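Please read the structure below before turning to the comments.
2 protein chains.
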Amino acid sequence: MVTFDEKAIIRNYEYIYNQRETIEKIADDVCAEGFDLLFFTSSGGSKAMMEPFNHYLNVYTKLPTDSMVSADFLLTGCNRLTDKSVAFLTSKSGDTKETIKCAEKLKEMGVRIVSVCGVENSKLAALSDYTFAYLDGRPQELVFWFIIGKIMYNCGYFPDYPDFADNLRGLGKALAQVRIDCDEKCRKYAADYGYEPYNIWIGSGDLWPTAYSYSMCVLEESLWIRTKSVTSAEFFHGTLELVDKDVCVTLILGEGVTRSQDERVRDFVKGLSDKFTCFDTKDYRLEGIKEEYRKYLSPIVMGAILQRIGKNAEVLMDHSLEIRRYYRKSEY
Amino acid sequence: MVTFDEKAIIRNYEYIYNQRETIEKIADDVCAEGFDLLFFTSSGGSKAMMEPFNHYLNVYTKLPTDSMVSADFLLTGCNRLTDKSVAFLTSKSGDTKETIKCAEKLKEMGVRIVSVCGVENSKLAALSDYTFAYLDGRPQELVFWFIIGKIMYNCGYFPDYPDFADNLRGLGKALAQVRIDCDEKCRKYAADYGYEPYNIWIGSGDLWPTAYSYSMCVLEESLWIRTKSVTSAEFFHGTLELVDKDVCVTLILGEGVTRSQDERVRDFVKGLSDKFTCFDTKDYRLEGIKEEYRKYLSPIVMGAILQRIGKNAEVLMDHSLEIRRYYRKSEY
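Take a look at the structure:
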């Protein structure tokens, strides 16, 4: 397996897991102060990474939740926000331009800010009421489970949260194994479709943000592969007409409440495209993880799977994932 | 000009305009009963057509507003909805499968339903508390201005609404003229780019739904042209890396609060792609419409402009906009 380091994967997982109590304390403080809205805002892949938590809050609780891209928020505002609201922002660099401006505006409005950054002492952290730096820790979603899951629990909506969080202790090892188990399929996928002229990516519910951001932030941004992403539901209202034997279609299936939408896409596309691939979290064992918690983990598991496409593609296509034409090379 | 009938355009506009009082009565009844949420839900292009009203309510009022694709709502619910909420649904056929199921679920929950349909006596109308059939009337957004604009006014947020609605009387004629004024540009666009292998479509704010649905429901569904649509804000977080001299990029600019995002895209792309087109509502006169109301009309004006691409493309490419591979031809 190319660029795979099982020990580093487990170590990076444990870096976050071992700070569980510190992170949960943020949730406790936020709950102690009360809130009238949990508001997720950031940019690009970072915003997409948080979006499933907006989804889970809507599906599994009555807590007020909303989300918006930071650049949009700067111009449109969000009319639900008040000085009793709490905003969640995340940025790997900690200095994403629109995200920082958004934090400044939120601070002015008196909205409390919880930030999760990839570096310490970032601009974003300096604007925050609560902050956590994950550094090499992965996956970032784990940080959000310790915050949002604990908020759900504190508010009476997720009584199993302590057991769920305990159960996550071994997930790092399981995710390393997922990478091993999917690698051959992902290597073949990268070899077969890396040079396709057009790639339709489809997902739903808590995996829609993954379909959206993997196609945009990895395939487009890092590998310059042309994509179209669409939700499983909306696929049937236009994009389906593009499907033909020769059109490359990729569907990601998870274990959340919208899985039936993905299955409908699978059943429709499978007889029509000769270049159709399904990546399904159900195909992968998560040793030690209780069956009833798998529905909360689709984005994390799918993230591990899809990472193996990129890692293989960069070697097979001789195209480093770090090359950019424009990002941080020109002003815009 | 191919397939252009100025008289029909004006007649179809007036069909809706002349029922202004009937439509506004829906708003008055909804307000008299009160509401705790205005909820927009439907499927595909119909949902996209309503989305700007969710945007305007957020930007210009403090009224609670939300939106969700019907198929998603069926599986995830919306935790803000109560039996005091009002839902808006629209469907040209009046029998879109997911939209009907959604209406049934809303009815069970005791949510009041306002529907806007393209035919009379539809399944959707039968499930509704209030309904309006626009038949050949266009644009459908006019119906929603008479409902949502009047609700804003009744709730104290849009004091100029009566003058705005009066001012719209002549918009049908102005929109016919927009079509005449843009036709040469749109014909050339269709001729130059109709066979491009990949088309990036970009828009923001109240025009994002237009970028999303025009590319999906016209270019993909009706003309089998491959697209990627992305918001002006999110373009800078991935898709920009695809841009090169040879990549076809189309930007739609409006006159709403997010215009600066579109201008940023324009300034970035113009030196990089030789196949870059901007369609800008500002380039078109709207005779008789007051300057201060243009910001509410970007989707309607852009709809008139883009319609001329499709009308020209279907002739130039000898591909009727009515042909489908799958829609209503197979079960899915």
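Chains as they are written, first to last, in this note's numbering: chain R, 1 to 332; chain X, 333 to 664. Built from N, CA and C at the ideal position, the CB exists for glycine as well. Just so we're clear, the structure is a prediction, and the values are computed from it rather than from any experiment.
Q | Uninterrupted alpha helix (DSSP H) stretches inside the stretch 492-565 of chain X (no shorter than 4 residues) | A | Fully enclosed alpha helix (DSSP H) runs of no fewer than 4 residues occupy 493-499, 503-525, 540-545 of the stretch 492-565 of chain X, in order along the chain.
Q | Alpha-carbon spacing of residue 177 of chain R relative to residue 6 of chain R, whole angstroms | A | Using only the alpha carbons, I get a separation of about 8 Å.
(Q) Among R/58, R/270, R/40, R/131, whose alpha-carbon lies nearest the alpha-carbon of residue 158 of chain R? (A) With distances taken between Cα atoms, residue 158 of chain R lies closest to R/58.
(Q) Run through chain R and tell me which residues come within less than 7 Å of residue 472 of chain X, C-beta to C-beta. (A) What residue 472 of chain X touches in chain R: nothing, since even the nearest Cβ is about 16 Å away.
**Q.** Min CB distance residue 369 of chain X to chain R below 8 Å
**A.** Judged by the 8 Å Cβ criterion, residue 369 of chain X is not in contact with chain R.
Q. Under 8 Å between C-beta atoms, does residue 78 of chain R make it to chain X?
A. Residue 78 of chain R counts as touching chain X.
Q) If contact means a Cβ-Cβ distance below 7 Å, which residues of the stretch 271-293 of chain R contact chain X? A) Taking a C-beta cut-off of 7 Å against chain X, none of the residues of the stretch 271-293 of chain R qualify.
Q.
Let me see if you follow: with CB-CB separation under 8 Å, is residue 319 of chain R close to chain X or not?
A. No, its Cβ sits nowhere closer than 8 Å to a Cβ of chain X.
Q. Residues in the stretch 519-549 of chain X with C-beta within 7 Å of chain R's C-beta atoms, listed in sequence order?
A. So the close ones are 529, 530, 537, 548, 549.
Q. How would you call residue 162 of chain R, buried or exposed, if buried means at least 16 neighbouring beta carbons within 10 angstroms?
A. Residue burial annotation: residue 162 of chain R is exposed, with fewer than 16 other C-beta atoms found within 10 angstroms of its C-beta.
Q. Of all Cβ atoms in chain R, is any one closer than 8 Å to the Cβ of residue 556 of chain X?
A. Chain R contact via Cβ: present.
Q. At what residues does the beta strand (DSSP E) containing residue 462 of chain X begin and finish?
A. DSSP places residue 462 of chain X in the uninterrupted beta strand (DSSP E) bounded by 462-465.
Q) How about residue 269 of chain R and residue 249 of chain R: are their beta carbons less than 8 Å apart? A) Going by beta carbons, residue 269 of chain R and residue 249 of chain R fall inside the 8 Å limit.
Q | residue 398 of chain X - containing beta strand (DSSP E), residue span | A | In the DSSP assignment, residue 398 of chain X falls within the beta strand (DSSP E) that extends over 397-401.
Q) From this set, X/383, X/345, X/403, X/634, which residue's C-alpha is nearest residue 204 of chain R's C-alpha? A) Selection X/383, X/345, X/403, X/634 evaluated against residue 204 of chain R yields X/403 as nearest (Cα-Cα).
Q) Going by Cα to Cα distance, which pick from X/643, X/617, X/599 is closest to residue 520 of chain X? A) Proximity to residue 520 of chain X across X/643, X/617, X/599 peaks at X/643, based on C-alpha coordinates.
Q.
Alpha carbons only, please: which of R/246, R/295, R/226 is nearest the one belonging to residue 258 of chain R?
A. Considering only alpha carbons, the answer is R/295.
**Q.** Residue range of the beta strand (DSSP E) that includes residue 86 of chain R
**A.** That run of the beta strand (DSSP E) goes 86-91.
Q. Between the stretch 543-557 of chain X and the stretch 367-375 of chain X, are three or more C-beta pairs nearer than 8 Å?
A. Contact between the stretch 543-557 of chain X and the stretch 367-375 of chain X is absent: fewer than 3 CB-CB pairs across the two stretches fall below 8 Å.
Q) Quick one: which chain X residues come within Cβ less than 8 Å of residue 75 of chain R? A) The contacting residues are 537, 589, 590, 592, 593.
Q.
Quick check: what's the CA-CA separation for residue 558 of chain X versus residue 55 of chain R?
A. A direct Cα-to-Cα measurement between residue 558 of chain X and residue 55 of chain R gives close to 29 Å.
Q) Using CA coordinates, which residue listed in R/91, R/21, R/253 is at the minimum distance from residue 280 of chain R? A) The residue with the shortest Cα to Cα distance from residue 280 of chain R is R/253.
**Q.** chain X residues whose Cβ lies nearer than 7 Å to that of residue 71 of chain R
**A.** 565, 593, listed in chain order.
**Q.** Bounding residues of the beta strand (DSSP E) (the contiguous stretch that carries residue 275 of chain R)
**A.** For residue 275 of chain R, the enclosing beta strand (DSSP E) covers residues 275-280.
Q. For residue 630 of chain X, which three-state DSSP category applies?
A. If DSSP states are grouped into helix, strand and coil, residue 630 of chain X belongs with the helices.
Q. Residues in its own chain within less than 6 Å of residue 393 of chain X by CB, not counting five upstream and five downstream?
A. Taken in chain order, the residues that qualify are 484, 489.
Q. So, do the stretch 402-422 of chain X and the stretch 349-369 of chain X have three or more beta carbon pairs nearer to each other than 8 Å?
A. Using a C-beta cut-off of 8 Å, the stretch 402-422 of chain X makes contact with the stretch 349-369 of chain X, since at least three inter-stretch Cβ pairs fall below that distance.
Q. Would you say residue 240 of chain R reaches chain X, if we count a Cβ-Cβ gap shorter than 8 Å as a contact?
A. Output row for residue 240 of chain R: interface = yes.
**Q.** Straight-line gap, residue 27 of chain R to residue 90 of chain R (C-alpha atoms, nearest Å)
**A.** Near 16 Å, if we compare the C-alpha coordinates of residue 90 of chain R and residue 27 of chain R.
Q: Can you pull the chain R residues whose beta carbon is under 7 Å from the beta carbon of residue 658 of chain X, in chain order?
A: For residue 658 of chain X, the C-beta contacts it makes with chain R under 7 Å involve 240, 241, in order along the chain.
Q | Best match in R/262, R/222, R/285 for proximity to residue 318 of chain R [C-alpha to C-alpha] | A | Out of R/262, R/222, R/285, R/222 has the C-alpha closest to the C-alpha of residue 318 of chain R.
Q. Roughly how many angstroms separate the alpha carbons of residue 530 of chain X and residue 93 of chain R, rounded to a whole number?
A. As the crow flies, the alpha-carbon of residue 530 of chain X is around 31 Å from that of residue 93 of chain R.
Q: Identify whether residue 582 of chain X lies in helix, strand or coil by the three-state DSSP scheme.
A: Collapsing the DSSP output to three states places residue 582 of chain X in a strand.
**Q.** Pick from X/625, X/500, X/445 that is closest to residue 471 of chain X, judged by C-alpha positions
**A.** Measuring from the Cα of residue 471 of chain X, the nearest candidate turns out to be X/500.
(Q) Using only the alpha-carbon positions, how far apart do residue 562 of chain X and residue 569 of chain X sit? (A) C-alpha separation (whole angstroms): 10 Å.
(Q) Against chain R, with Cβ distances strictly below 8 Å, would residue 481 of chain X count as a contact? (A) Closer than 8 Å: no.
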